[in-house]
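These notes concern the structure reproduced below.
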Amino acid sequence: MASPTADRPYMPGYGILPADQGTGLLPWSWAQQRLATSHDYWVSSVKPDGRPHVMPVWGVWLDDALWFSSSLGSRKVRNLVARPDCVVTTDNPRDPVVLEGSAEVIRDQAGIKAFLDALNAKYATHYPLDFLDPAVNASLRVRPGCAFGLAEGDFTGSPTRWSFT
Numbered sequence: 043m044a045s046p047t048a049d050r051p052y053m054p055g056y057g058i059l060p061a062d063q064g065t066g067l068l069p070w071s072w073a074q075q076r077l078a079t080s081h082d083y084w085v086s087s088v089k090p091d092g093r094p095h096v097m098p099v100w101g102v103w104l105d106d107a108l109w110f111s112s113s114l115g116s117r118k119v120r121n122l123v124a125r126p127d128c129v130v131t132t133d134n135p136r137d138p139v140v141l142e143g144s145a146e147v148i149r150d151q152a153g154i155k156a157f158l159d160a161l162n163a164k165y166a167t168h169y170p171l172d173f174l175d176p177a178v179n180a181s182l183r184v185r186p187g188c189a190f191g192l193a194e195g196d197f198t199g200s201p202t203r204w205s206f207t
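Residue numbers 43 to 207, in this note's numbering, belong to the letters of the sequence shown in order.
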């Protein structure tokens with residue numbers, strides 16, 4: 043993944059400070075730490091009729107992407123297969139990281155095994171490889187196109203947007 047570029051959105055009328063005020067831009071390492079340690083993630087997708095759908099998942103930040111899994115028949119997987127654009131957030135609303143990206147179903151065994159190893163390590167589980175059997179479950183990877191973060195301690199001075207394109 044290329045190094046992201048960062049900027050601070052300036053939104054007059056929203057109380058967000060100009061770039062030369064506040065604590066300044068948050069480093070990407072700040073976001074990566076929160077992506078790695080979040081216990082849960084909220085995945086937002088779009089139903090066939092255009093209505094939004096949001097569900098929590100367990101996941102891991104691995105190889106510069108957010109990985110999670112779900113049953114092939116789940117609403118979120120069906121949505122993401124049809125329309126891969128999605129939003130994923132960390133579980134802490136006080137110091138959030140919000141990823142906008144595209145979900146990709148991973149089918150290669152090496153990728154699934156690496157994901158499962160990271161999942162088992164993070165959540166202290168012992169799921170066998172067949173837990174993520176691609177005939178039953180989808181292993182998904184979301185690479186960010188852009189990401190947003192802000193620190194509660196400087197709500198109006200820290201908003202940062204990272205771009206990966």
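Built from N, CA and C at the ideal position, the CB exists for glycine as well.
Point to revise | Test item: CB-CB of Ala189 and Trp204 under 8 Å | key: Yes, the pair counts as a contact, with Cβ atoms nearer than the cut-off.
Check your understanding: Counting Cβ pairs closer than 8 Å, one from the stretch 127-141 and one from the stretch 83-91, do we hit at least three?
Key -> Contact between the stretch 127-141 and the stretch 83-91 is present, because at least three Cβ pairs lie under 8 Å.
Exercise for review: List the endpoints of the continuous beta strand (DSSP E) containing Asp106.
Suggested key: Bounds of any beta strand (DSSP E) do not take in Asp106, whose DSSP letter is neither H nor E.
Review point. Can you name, in chain order, every residue of its own chain whose Cβ lies under 8 Å from the Cβ of Ala160, other than the five neighbours on each side?
Key: The residues are Val102, Leu104 and Trp109.
**Study point:** Asn179, DSSP secondary structure in three states
**Key:** Asn179 falls in the strand class under three-state DSSP.
**Study point:** Cutoff 7 Å; reference Leu77; Cβ partners in own chain excluding five residues on either side
**Key:** The residues are Trp103, Leu108, Thr132 and Val139.
Practice item. Report back the beta-carbon spacing between Leu182 and Ser111 to the nearest angstrom; my notes put them in contact at under 8 Å. Key: Confirmed, Cβ separation roughly 7 Å.
Check your understanding: Which partner residues of Ala241 appear in the DSSP bridge assignment?
Key -> Not covered by the structure: residue 241. The range shown for the chain is 43 to 207.
Exercise for review: Return the chain-ordered list of same chain residues with a C-beta closer than 7 Å to the C-beta of Leu122, the five sequence neighbours on each side being excluded.
Suggested key: Beyond the five residues adjoining it in sequence on each side, Leu122 comes within less than 7 Å, by CB distance, of Ser87, Cys128, Ala145 and Leu182 in the same chain, given in chain order.
Check your understanding: Where does Ser80 land, buried or exposed, given buried means 16+ other C-beta within 10 angstroms?
Key -> Here Ser80 is buried: its Cβ has 16 or more other Cβ atoms, across all protein chains shown, within 10 Å.
**Study point:** Sub-8 Å separation of Leu171 and Leu158 beta-carbons
**Key:** Yes. Within cutoff.
Check your understanding: What distance in whole Å lies between the Cβ atoms of Ser200 and Leu114, which are believed to be in contact at a cut-off of 8 Å?
Key -> About 39 Å; that fails the 8 Å criterion.
Check your understanding: Smallest Cα separation from Pro135: which of Pro46, Asp82 and Trp70?
Key -> When only C-alpha atoms are compared, the closest one is Asp82.
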